[in-house]
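Position in the sequence shown (first residue = 1) + 5 = my numbering.
Note that the Cβ used here is the ideal one computed from N, Cα and C, for glycine as well.
Contents: one structure, followed by commentary.
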Amino acid sequence: MTSLVTWAAAVWAAQTAADLNGHYPAGTIKTAATAQQALVDAGTVREALESSYKSETARCLRVFLQNACQEKARKIYMKGQEQVHRVEVEAHDLQRLLAAQQHTADQEAQQAQWRREQAERPQKEADAHKAAQERSAHAQEQEQDALHKQEQAEGNRKGYEQRNAQHDKDEAERASVHLRNVAQNEKRYRDKQDSAKAYAQSRQREREEKRKEREAKLKAQAAAVSPEVPAPGPGD
C-alpha cells in the first residue's frame with residue numbers, strides 16, 4: 006500500500022510539472038507579475054518533485070527491478086526539473102530584462118533631469134540673483150523708511166515742542182496785555198473819578214460863590230432902601 010501511494014505521488018509530481026509547463030508555455034511570460042507568479046509556482050512544483058523523487062527512490066529499493074525503477078524515477082524527475090528550470094529561466098530572464106529596462110529608464114530620466122537642470126540653471130541663477138537684489142533693495146527701502154519715520158517723528162516732536170512754547174509765549178503775552186489793559190482801565194477809572202470829584206468841587210465852589218454874591222447883593226439892596234436911623238445920643 007505504501008509503495009502504491011509513493012508511486013502515485015511520483016505520478017502526481019510529474020503531472021504537476023507538465024501542468025506547469027502547459028500553464029506557462031515558452032514565450033508567454035511577458036509581465037513582471039506573471040514572472041513573479043511563475044517563480045512561485047515553479048518553486049512549489051520543484052519541492053513536489055524533490056519529495057516524490059526521494060520517496061520513489063526509497064520505494065525502488067524494495068521492488069524486484071530496482072535499477073529499472075530508479076531509472077524511471079530519475080527520468081521523471083529530470084523531465085520535471087527541466088520543465089521547472091525552463092519556466093524559472095524564462096521568468097528570471099524577463100525580470101532581468103525588466104530590471105535593465107527600468108535601470109535604463111532611470112538613467113535616461115536622471116540624464117534628462119540633469120539636462121533640464123543645466124538648461125534651467127542660468128535662468129535660476131539669474132532669478133536667484135534678481136531675488137537677492139530685490140531683497141537687498143527692499144531691506145534698504147525699509148531702512149530708509151525707518152530713518153524717515155524716525156526723522157519725521159523727531160521733527161513732529163520738535164514741532165510739537167515749538168508749538169507748545171509759542172502757545173505758552175502767546176498766553177504770557179496775552180496775560181501781560183490783559184494786565185496792562187486792566188491797569189490802564191483802572192487808571193482811566195481813577196482819572197475819571199478824580200475828574201468827576203474835581204468837577205463837583207468846582208461846581209460846589211461856583212455855587213457857593215454865586216450864593217455869596219446873591220447874599221451880598223441882597224444886603225446891599227436892603228441897605229439902600231432902608232431909612233437911615235440916627236445913632237442915639239448920650240442921655241437918651
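Burial state of residue i (16 or more Cβ within 10 Å)
i: Arg126; result: exposed
i: Asp46; result: buried
i: Ala273; result: With the chain covering 6 to 241 only, the question about residue 273 has no answer from this structure.
i: Arg51; result: buried
i: Gly85; result: buried
i: Thr109; result: exposed
i: Gln171; result: exposed
i: Thr21; result: buried
i: Leu70; result: exposed
i: Leu54; result: buried
i: Ala40; result: buried
i: Tyr82; result: buried
i: Tyr29; result: buried
Given residue i as reference, the closest of the options once Cα atoms are compared
i: Ala43; options: Thr62, Val92 and Ser207; result: Val92
i: Ala96; options: Trp119, Lys80, Gln71 and Asn26; result: Asn26
i: Ala23; options: Gln149, His90, Ile34 and Gln71; result: His90
i: Lys35; options: Ser56, Lys163, Gln155 and Arg101; result: Arg101
i: Ala38; options: Lys197, Asp199 and Leu99; result: Leu99
i: Glu87; options: Ala31, Lys163 and Glu178; result: Ala31
i: Val94; options: Glu130, Gly48, Glu214 and Ala131; result: Gly48
Residue i (DSSP reduced to helix, strand or coil)
i: Lys35; result: coil
i: Leu70; result: coil
i: Tyr165; result: helix
i: Tyr82; result: helix
i: Tyr58; result: helix
i: Pro127; result: helix
i: Tyr29; result: coil
Own chain, CB closer than 7 Å to residue i, minus 5 neighbours either side, in chain order
i: Ala78; result: Ala15, Tyr58, Glu61, Thr62 and Cys65
i: Gln145; result: none
Proximal residues to residue i (C-beta, below 6 Å), its chain only, five neighbours per side dropped
i: Val10; result: Unreliable placement is indicated for Val10, whose pLDDT of 39 sits below 50; the coordinate value is still reported in the next sentence. Counting only Cβ-Cβ distances below 6 Å, and skipping sequence neighbours, we find nothing.
C-beta neighbour in chain D for residue i, strict 8 Å
i: Arg219; result: Included in the structure is just one protein chain, with no chain D present.
Length at least 4, wholly inside the region 180 to 211: the alpha helix (DSSP H) runs in chain order = Given a length threshold of 4 residues, the region 180 to 211 has no whole run of the alpha helix (DSSP H) inside it.
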